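Asks: Sharing a structure, written as structure tokens. Questions coming.
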Amino acid sequence: MRWRTMALLLCCWSIFLTALASTSWQAATAEPVLAPTSAPPPLPPKRACPISLPTSEVPPGHIKPSEPIYHGNGALWTVLWPEGRVIFEPGGPGFVLPDGSLGMKWAWIPFIPGELTVEGRRLDGAAQPLRAEISEGFIDGERFFPAYLIFPSAGCWEVTGRVGTSSLTFVTLIVKEGDGPNWRPPAVP
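Our numbering puts the sequence shown at residues 1 to 189.
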């Protein structure tokens with residue numbers, strides 16, 4: 001297995017596992033975390049938010065994971081969250097900015113030259129457009145884009161990434177539980 005393929009897969013898996021293991025992470029933090037007082041909100045009816053789910057396809061040169069995590073095409077790939085929902089909860093991954101926006105790190109894997117741009121809009125209500133802080137990285141010569149996607153509010157969001165003339169769109173449900181994650185940076189990290 002090539003080093004860069006394994007490293008990129010580990011990066012994507014770490015994002016995925018962070019979301020799944022947030023309860024283990026809560027126990028390891030020095031700050032006390034209050035137990036939720038209610039169950040997570042139920043999924044809305046499919047017609048309310050037409051979420052995108054990962055497919056069994058994988059980016060070229062990547063190992064197929066035991067559970068589907070990827071969403072992509074021949075030009076651009078990303079990793080989607082379980083059940084199409086990104087949950088911002090106390091002790092969980094992500095951050096809350098001073099204006100109340102919710103930020104989460106997101107991995108994008110391009111297979112064509114060009115810079116990544118990301119835009120997004122809320123489908124189920126009025127909101128400012130999604131913001132994105134995008135970096136470029138390389139693992140053993142293979143390019144990827146770690147990005148902070150910043151959602152101005154919870155809700156159903158359509159997100160589109162573009163590299164060159166190619167694009168990739170997905171829909172995800174952004175859920176904020178309680179006050180959201182504990183991390184409160186003064187600005188985008």
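Beta carbons: idealized from backbone N, C-alpha and C, even for Gly. Fair warning: this is a prediction, and the values are worked out from it, not measured in the lab.
From Gly164 to Trp77, what distance separates their C-alpha atoms?
Replies: For the purposes of this step, residue 164 is taken as residue 164 along the sequence shown, with counting starting at 1. For the purposes of this step, residue 77 is taken as residue 77 along the sequence shown, with counting starting at 1. If you take the alpha carbons of Gly164 and Trp77, they lie about 14 Å apart.
Asks: Determine the burial state of Phe138: buried for a count of at least 16 other Cβ atoms within 10 Å of its Cβ, exposed for fewer.
Replies: Looking up residue 138 in the sequence shown gives position 138. Exposed, because fewer than 16 other Cβ atoms sit within 10 Å of the Cβ of Phe138.
Asks: From Pro152 to Arg162, what does the alpha carbon distance come to, in whole angstroms?
Replies: Taking the sequence shown and counting its residues from 1, one reaches residue 152 at position 152. Taking the sequence shown and counting its residues from 1, one reaches residue 162 at position 162. Cα to Cα, Pro152 sits roughly 21 Å from Arg162.
Asks: Can you give the Cα-Cα distance for Ile134 and Glu57, rounded to whole angstroms?
Replies: Locating residue 134 in the sequence shown gives position 134, where the first residue counts as 1. Locating residue 57 in the sequence shown gives position 57, where the first residue counts as 1. Ile134 and Glu57: Cα-Cα distance of roughly 25 Å.
Asks: Once DSSP output is grouped into helix, strand and coil, what is the label at Gly84?
Replies: One-based indexing of the sequence shown puts residue 84 at position 84. Shown here, Gly84 sits in a helix according to DSSP, grouped into three states.
Asks: Please name the residue or residues paired with Phe111 in a DSSP beta bridge.
Replies: In the sequence shown, counting from the first residue as 1, residue 111 sits at position 111. Answer is none; Phe111 lacks a bridge partner.
Asks: Give me whichever residues DSSP pairs with Thr117 in a beta bridge.
Replies: As a working mapping, residue 117 is identified with position 117 in the sequence shown. DSSP output for Thr117 lists Arg162 as bridge partner(s).
Asks: May I have the straight-line CA-CA distance separating Pro60 from Pro146, to the nearest angstrom?
Replies: By 1-based counting over the sequence shown, the position of residue 60 is 60. By 1-based counting over the sequence shown, the position of residue 146 is 146. Each residue's alpha carbon lies about 18 Å from the other.
Asks: Smallest Cα separation from Phe111: which of Val159, Asn73 and Lys64?
Replies: The sequence position of residue 111 within the sequence shown is 111, counting from 1. Closest option to Phe111, Cα to Cα, is Asn73.
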